[in-house]
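Right, one structure below, let's go through it.
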């Protein structure tokens with residue numbers, strides 16, 4: 074259940090920008106984001122961690138996006154534990170999910186429990202242009 078990716082936070086010595094380096098592959102990423110899709114009916118919920126390449130692709134001059142981790146479960150508590158592990162173990166700070174979902178109440182309760190233990194809480198935001 075724990076994330077397999079091992080990232081280390083680094084600082085670019087030329088421009089001072091923070092980046093993340095995969096300790097197994099050496100690949101550098103400039104941004105990380107997580108996504109949460111809540112269970113619906115008989116469908117399981119899913120969580121994913123995406124990373125944007127540090128440098129643009131040589132041919133296209135565009136950033137590449139990589140799927141670092143994913144997790145599927147019908148159980149909300151198990152999903153939230155995995156999300157929290159990603160947040161603390163591989164530095165995923167921002168999670169995108171529809172905030173009007175009824176499951177957000179469970180996320181708020183989970184965050185309350187984390188706050189009582191003085192642990193970092195999960196930050197969730199609605200997807201861009203979500204109206």
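Numbering (the numbering used here), first residue to last: 74 to 204.
Yeah, the Cβ is synthetic: ideal placement off N, Cα and C, and Gly gets one too.
Residue burial classification, residue i (beta-carbon count within 10 angstroms, cutoff 16)
i           : result
residue 198 : exposed
residue 79  : exposed
residue 190 : exposed
residue 96  : exposed
Straight-line gap, residue i to residue j (C-alpha atoms, nearest Å)
i           : j           : result
residue 156 : residue 146 : 12 Å
residue 201 : residue 99  : 30 Å
residue 141 : residue 167 : 15 Å
residue 93  : residue 134 : 20 Å
residue 114 : residue 149 : 13 Å
residue 128 : residue 180 : 34 Å
residue 89  : residue 116 : 44 Å
residue 87  : residue 101 : 15 Å
residue 85  : residue 132 : 23 Å
Cut-off 6 Å between Cβ atoms - residues of its own chain near residue i, not counting five sequence neighbours on either side
i           : result
residue 112 : 118 and 147
residue 170 : 109 and 197
residue 103 : 92, 125 and 127
residue 137 : 126 and 130
Within 8 Å, strictly: CB atoms of residue i and residue j
i           : j           : result
residue 139 : residue 123 : yes
residue 183 : residue 195 : yes
Close Cβ partners of residue i (< 7 Å) along its chain, the five nearest in sequence each way excluded
i          : result
residue 82 : 91, 93 and 164
Q | beta strand (DSSP E) runs contained entirely in the stretch 127 to 204, provided each spans 3 or more residues | A | 138 to 146, 167 to 169 and 196 to 198
Q. At which residue ranges does the stretch 98 to 132 contain complete beta strand (DSSP E) runs of 3 or more residues, listed in the order of the chain?
A. 101 to 110 and 118 to 126
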